[in-house]
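**Q**
Number of protein chains: 2
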Amino acid sequence: MTSPLRDEAGWIRLLSATWHRKDAEVGLGDDGCVIPPARYTLSTDVLVEGVDFRRDWAPPEALGYKAMAANLSDLAAMGAIPRFFLMTLGFPRGYPEAFVEGVLRGLHALSDRRGVELCGGDLTRAPGGLFVSLTVIGEQRRRPLLRSGGRPGDVLYVSGSLGGPAEALRRFEAGARLEAFDPLAGPADPERALLDRFYRPQDQIPLGLFLADTGAASCCMDVSDGLARDLSRICEASACGAELQAGALPVDPLLSRLGEEERFQKALEGGEEQVLLFAVPPEREQALGGFGVELYRVGRLTEGEERVLVMRDGRREPIGDAGYDHFAP
Amino acid sequence: MTSPLRDEAGWIRLLSATWHRKDAEVGLGDDGCVIPPARYTLSTDVLVEGVDFRRDWAPPEALGYKAMAANLSDLAAMGAIPRFFLMTLGFPRGYPEAFVEGVLRGLHALSDRRGVELCGGDLTRAPGGLFVSLTVIGEQRRRPLLRSGGRPGDVLYVSGSLGGPAEALRRFEAGARLEAFDPLAGPADPERALLDRFYRPQDQIPLGLFLADTGAASCCMDVSDGLARDLSRICEASACGAELQAGALPVDPLLSRLGEEERFQKALEGGEEQVLLFAVPPEREQALGGFGVELYRVGRLTEGEERVLVMRDGRREPIGDAGYDHFAP
Chain D
1 MTSPLRDEAG WIRLLSATWH RKDAEVGLGD DGCVIPPARY TLSTDVLVEG
51 VDFRRDWAPP EALGYKAMAA NLSDLAAMGA IPRFFLMTLG FPRGYPEAFV
101 EGVLRGLHAL SDRRGVELCG GDLTRAPGGL FVSLTVIGEQ RRRPLLRSGG
151 RPGDVLYVSG SLGGPAEALR RFEAGARLEA FDPLAGPADP ERALLDRFYR
201 PQDQIPLGLF LADTGAASCC MDVSDGLARD LSRICEASAC GAELQAGALP
251 VDPLLSRLGE EERFQKALEG GEEQVLLFAV PPEREQALGG FGVELYRVGR
301 LTEGEERVLV MRDGRREPIG DAGYDHFAP
Chain Y
1001 MTSPLRDEAG WIRLLSATWH RKDAEVGLGD DGCVIPPARY TLSTDVLVEG
1051 VDFRRDWAPP EALGYKAMAA NLSDLAAMGA IPRFFLMTLG FPRGYPEAFV
1101 EGVLRGLHAL SDRRGVELCG GDLTRAPGGL FVSLTVIGEQ RRRPLLRSGG
1151 RPGDVLYVSG SLGGPAEALR RFEAGARLEA FDPLAGPADP ERALLDRFYR
1201 PQDQIPLGLF LADTGAASCC MDVSDGLARD LSRICEASAC GAELQAGALP
1251 VDPLLSRLGE EERFQKALEG GEEQVLLFAV PPEREQALGG FGVELYRVGR
1301 LTEGEERVLV MRDGRREPIG DAGYDHFAP
């Protein structure tokens, strides 16, 4: 692939031409951006080549889409309205520019749909490969949804299926490839849909805003390091234990060919789900009906610290906090 | 160096124990941070190992200090009060933890002095080496200082000496090493001071706030890619030309051993100065006296697009926009 060797000014021109929104008081092109007065929620998340993805797994549009979606998922978990983002992009000398341009197209497809404006960033060389670091800024009109605040007896929900991204990751590592990615529509074929799911987390923003507006949830977070590990964080922040019903876990139907044990393991320990995990006091559960999209009742918060998985036959198995840790030995 | 192999939770504990401020409504430990309602200015800047620094050039405290200082410099150039920051930190498996801890100490020394709170971030593996990406958030109480707004006739100022960091970089690349770095005080020895200057940009926050408060400056930016290139940005944004007086340029006295041509070249094209470049209409110049710290009158904005350097003997040499470009071919 030959590269026209775009210089820094050339990349900035491309970025300015791609992102048109002008909600920021001062946007791209100054030493900083100025955003209108409001209460803001910020979150940041980076994808690194060779760690979070490999370049040959999927088209670059998929990667850009995922980078934006993963960041928006954190705003969703707080109940914030996405407004702005900053992007730091690094890649080695001689890196294929067409790949970077594809990443930007995928990013833009989703940021445009959600009305999120690029207002700043940084460009650099990075000898180790591409990295895309986003900081997203959401407006927090309601009380933020936090990990703390859950009480024993609150009912635990997840907002989407579990285990798909972990199984997709395993397949990518075994040689599977996603040949095409359309930011507007996922593939119908189940095998490709599973790989596609890795790059296309469901949009949780509407649910986050619904939970913040109704005040239904006592605590909330997005599942990004696996249900078991993220549940342990909710439990720690809320000073509770938890009981999950194995039969109630929405294991991704695309995993149906796997054995039961492996399916539960993927559902509990798989990462990058980007679904919301939240708790609702029983007396507020009926408010959830207004959301109109299926939510999965998977268990409840309990007294104490213990976290257990109740199997279909009644056996109770302790849940550890295994899951994804970038820094695990 | 043996590493105790801190896991992700271990790093987060270290970060939480280091940064104590609690101005954020929701700080570390949730999916996002929530900052109090205000008008905010944001900026982001990343340092990458092998691109912006090498690990053996200086103690890690120097690098952390520089990372924070470079980001604060952008807020200074906008006239914002630093309040919060997010930090994304990536490094390879097996990277010496003591080095990362030193970077955090240097970062904390400066953020603590300026009252800036760590409210979020991300941790990741990065196969190519250490990178430190900060997003800083400042409160914008006054009208922001922009690159646009300069008018022909406005007097150009820089707020500190030029060329030192470029010469320090040359020496590091030729084998020089900075053996020690004290975040509280620079070295007295001139040779070490020159190397130290690379990591210790002057604090421009008081000047940025002064300029925003008094409304004295018509335009402003921080010099980070060299005076020539950054002047071209001011000129483009303000639709002006410029005339610099060679004899007025505050070339770093530590460069006195170099020949005149090389000194001017370093002063014009050297990067990472992190001093402010700003223009002041003549009728507002006397307001600058209130700042009480020396500022350097280096030229003026002119009609047209031409940018020239007027030599001591009256010769007029065109100024290009040579300077630092990460993506130069």
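Here the protein sequences come in this chain order: D and Y. Here the first sequence stands for residues 1 to 329, where the numbers follow the numbering used here. Here the second sequence stands for residues 1001 to 1329, where the numbers follow the numbering used here. Glycine included, C-beta positions come from ideal geometry on N, C-alpha and C.
Excluding sequence positions up to five away, which residues of its chain have a Cβ less than 7 Å from the Cβ of residue 72 of chain D?
**A** Translated into positions along the first sequence, residue 72 of chain D becomes position 72. Hits under 7 Å: 82, 114, 136 and 205.
**Q** Take residue 1251 of chain Y as the anchor and find which of Y:1134, Y:1320, Y:1244 and Y:1267 has the nearest alpha-carbon.
**A** Against the second sequence, residue 1251 of chain Y aligns to sequence position 251. Considering only alpha carbons, the answer is Y:1267.
**Q** Taking C-beta pairs closer than 8 Å, name the residues in chain D that residue 1046 of chain Y reaches, listed in chain order.
**A** On the second sequence, residue 1046 of chain Y is found 46 positions in, with the first residue counted as 1. By Cβ distance, chain D contributes 88, 90, 122, 124 and 133.
**Q** With burial defined as no fewer than 16 other Cβ atoms inside 10 Å of the residue's Cβ, what is the status of residue 1140 of chain Y: buried or exposed?
**A** In the second sequence, the residue the question calls residue 1140 of chain Y occupies position 140. Buried: at least 16 other Cβ atoms inside 10 Å.
**Q** Leaving out five residues before and five after residue 26 of chain D in sequence, what residues of the same chain have Cβ atoms less than 6 Å from its Cβ?
**A** If you number the first sequence from 1, residue 26 of chain D lands on position 26. Excluding positions up to five away in sequence, the list reads 33 and 34.
**Q** The beta strand (DSSP E) with residue 137 of chain D in it runs from where to where?
**A** Counting from one through the first sequence, the residue named residue 137 of chain D turns up at place 137. Unbroken beta strand (DSSP E) run through residue 137 of chain D: 131-139.
**Q** With a cut-off of 8 Å, do at least 3 Cβ pairs link the segment 143-155 of chain D to the segment 101-121 of chain D?
**A** In short, these stretches do not touch, since the Cβ pair count stays below three.
**Q** Got a sec? Which residues, its chain only, sit under 6 Å from residue 1130 of chain Y by beta carbon, not counting five neighbours each side?
**A** Counting from one through the second sequence, the residue named residue 1130 of chain Y turns up at place 130. 1049 and 1091, listed in sequence order.
**Q** Please determine, among D:52, D:22 and D:150, the residue with the shortest C-alpha to C-alpha distance to residue 128 of chain D.
**A** As a working note, residue 128 of chain D is residue 128 in the first sequence. Just measuring C-alpha positions, the residue of D:52, D:22 and D:150 sitting nearest residue 128 of chain D is D:52.
**Q** Kindly identify the DSSP beta-bridge partner or partners of residue 1364 of chain Y.
**A** Residue 1364 of chain Y cannot be examined here, being either before or after the span of chain Y that is shown, 1001 to 1329.
**Q** Is residue 307 of chain D near the ligand MN, in the sense that its beta carbon is under 7 Å from a heavy atom of that ligand?
**A** In terms of ligand content, the structure shown is empty, and the ligand MN therefore cannot be addressed.
**Q** Does the CB of residue 1039 of chain Y have a neighbour CB from chain D at under 8 Å?
**A** Working through the second sequence from its first residue, we reach residue 1039 of chain Y at position 39. At least one chain D Cβ lies under 8 Å of residue 1039 of chain Y.
**Q** Along the chain, which unbroken stretches of the alpha helix (DSSP H) at least 4 residues long are found entirely within the segment 1029-1082 of chain Y?
**A** 1060-1078
**Q** I'd like to confirm the pairing. Which residues does DSSP put opposite residue 296 of chain D in its beta bridges?
**A** Here residue 296 of chain D is taken as the residue at index 296 of the first sequence, counted from 1. BP columns for residue 296 of chain D point to D:158.
**Q** Is there a Cβ of chain D sitting closer than 8 Å to that of residue 1051 of chain Y, yes or no?
**A** Looking up residue 1051 of chain Y in the second sequence gives position 51. Interface with chain D (8 Å Cβ-Cβ cutoff): residue 1051 of chain Y is included.
**Q** Does DSSP put residue 1270 of chain Y in a helix, a strand or coil?
**A** What you label residue 1270 of chain Y is simply residue 270 of the second sequence in a count that begins at 1. In this structure, residue 1270 of chain Y counts as coil in the three-state DSSP scheme.
**Q** By alpha-carbon positions, which one of Y:1288, Y:1305, Y:1118 and Y:1278 ends up nearest to residue 1299 of chain Y?
**A** If you number the second sequence from 1, residue 1299 of chain Y lands on position 299. Of the listed residues, the one whose Cα sits closest to residue 1299 of chain Y is Y:1278.
**Q** Sort out for me which residues DSSP pairs residue 242 of chain D with in a bridge.
**A** Here residue 242 of chain D refers to the residue found at position 242 of the first sequence. Bridge partners of residue 242 of chain D: D:301 and D:307.
**Q** Could you tell me the alpha carbon to alpha carbon distance between residue 296 of chain D and residue 245 of chain D, rounded to whole angstroms?
**A** Against the first sequence, residue 296 of chain D aligns to sequence position 296. Against the first sequence, residue 245 of chain D aligns to sequence position 245. The alpha-carbon atoms of residue 296 of chain D and residue 245 of chain D are separated by roughly 11 Å.
**Q** Kindly provide the ranges of any alpha helix (DSSP H) runs that are 4 or more residues long and lie completely inside the segment 186-251 of chain D, ordered along the chain.
**A** 190-199, 205-214 and 227-238
**Q** Show which residues of chain Y have a CB atom less than 9 Å away from the CB atom of residue 77 of chain D.
**A** Counting from 1 along the first sequence, the entry for residue 77 of chain D is found at position 77. Correct list: 1030, 1031 and 1032.
**Q** Got a sec? Which residues, its chain only, sit under 7 Å from residue 154 of chain D by beta carbon, not counting five neighbours each side?
**A** Locating residue 154 of chain D in the first sequence gives position 154, counting from the first residue. Around residue 154 of chain D: 218, 279, 280, 281, 300 and 301.
**Q** Taking residue 140 of chain D as the query, report the chain Y residues whose CB atoms sit under 8 Å from its CB, ordered along the chain.
**A** Numbered from 1 along the first sequence, position 140 holds the residue referred to as residue 140 of chain D. The contacting residues are 1034.
**Q** Using a Cβ-Cβ cut-off of less than 7 Å, give me the residues of the segment 263-282 of chain D that come near chain Y, in sequence order.
**A** Correct list: empty, as no residue qualifies.
**Q** Give me whichever residues DSSP pairs with residue 318 of chain D in a beta bridge.
**A** Mapped onto the first sequence, residue 318 of chain D falls at position 318. DSSP links residue 318 of chain D through a beta bridge to D:308.
**Q** Quick one: give me the first and last residue of the beta strand (DSSP E) that residue 1126 of chain Y is part of.
**A** Residue 1126 of chain Y sits at position 126 when you count from the first residue of the second sequence. Under the DSSP assignment, residue 1126 of chain Y falls outside any beta strand (DSSP E); it carries neither an H nor an E label.
**Q** Under 8 Å, do residue 229 of chain D and residue 323 of chain D count as touching if we go by C-beta distance?
**A** Against the first sequence, residue 229 of chain D aligns to sequence position 229. Against the first sequence, residue 323 of chain D aligns to sequence position 323. Yes, these two residues count as a Cβ contact at 8 Å.
**Q** Just to make sure I have the definition right: I need the residues of chain Y whose C-beta is within less than 8 Å of the C-beta of residue 221 of chain D. Which are they?
**A** Locating residue 221 of chain D in the first sequence gives position 221, counting from the first residue. Per Cβ cutoff of 8 Å: 1030 and 1031.
**Q** What residue from Y:1087, Y:1056, Y:1186 and Y:1041 has the CA that sits closest to residue 1077 of chain Y's CA?
**A** Counting from one through the second sequence, the residue named residue 1077 of chain Y turns up at place 77. Comparing Cα-Cα distances from residue 1077 of chain Y to each of Y:1087, Y:1056, Y:1186 and Y:1041, the minimum goes to Y:1041.
**Q** Can you tell me whether residue 100 of chain D is helix, strand or coil according to DSSP?
**A** Taking the first residue of the first sequence as position 1, residue 100 of chain D is located at position 100. In the structure shown, residue 100 of chain D sits in a helix (DSSP, three-state: H, G or I).
**Q** State yes or no: is the beta carbon of residue 42 of chain D nearer than 8 Å to at least one beta carbon in chain Y?
**A** As a first step, residue 42 of chain D must be located in the first sequence, where it is residue number 42. Residue 42 of chain D counts as touching chain Y.
**Q** In whole angstroms, give me the CA-to-CA distance for residue 3 of chain D and residue 243 of chain D.
**A** What you label residue 3 of chain D is simply residue 3 of the first sequence in a count that begins at 1. What you label residue 243 of chain D is simply residue 243 of the first sequence in a count that begins at 1. Summary for residue 3 of chain D: the model assigns pLDDT 48, below 50, so the residue's position carries little reliability; its value from the coordinates is reported in the next sentence. Rounded to the nearest angstrom, the two C-alpha atoms are 55 Å apart.
**Q** What in chain D is Cβ-close to residue 1021 of chain Y, meaning under 8 Å?
**A** In the second sequence, counting from the first residue as 1, residue 1021 of chain Y sits at position 21. Near residue 1021 of chain Y there are no residues of chain D at all, since even the closest Cβ is about 16 Å away, more than 8 Å.
**Q** If I measure Cβ to Cβ from residue 1124 of chain Y and keep anything under 8 Å in the same chain, skipping five residues before and after, which residues do I get?
**A** Taking the first residue of the second sequence as position 1, residue 1124 of chain Y is located at position 124. Once the five neighbours on either side are set aside, the close Cβ partners of residue 1124 of chain Y are 1088, 1089 and 1090.
**Q** Rounded to the nearest angstrom, what separates residue 157 of chain D and residue 216 of chain D at their Cα positions?
**A** Position 157 of the first sequence, counted from the first residue, corresponds to residue 157 of chain D. Position 216 of the first sequence, counted from the first residue, corresponds to residue 216 of chain D. Distance between the alpha carbons of residue 157 of chain D and residue 216 of chain D is about 12 Å.
**Q** DSSP on residue 1006 of chain Y, reduced to helix/strand/coil?
**A** For the purposes of this step, residue 1006 of chain Y is identified with residue 6 of the second sequence, where counting begins at 1. Of the three classes helix, strand and coil, the one that applies to residue 1006 of chain Y here is coil, per DSSP.
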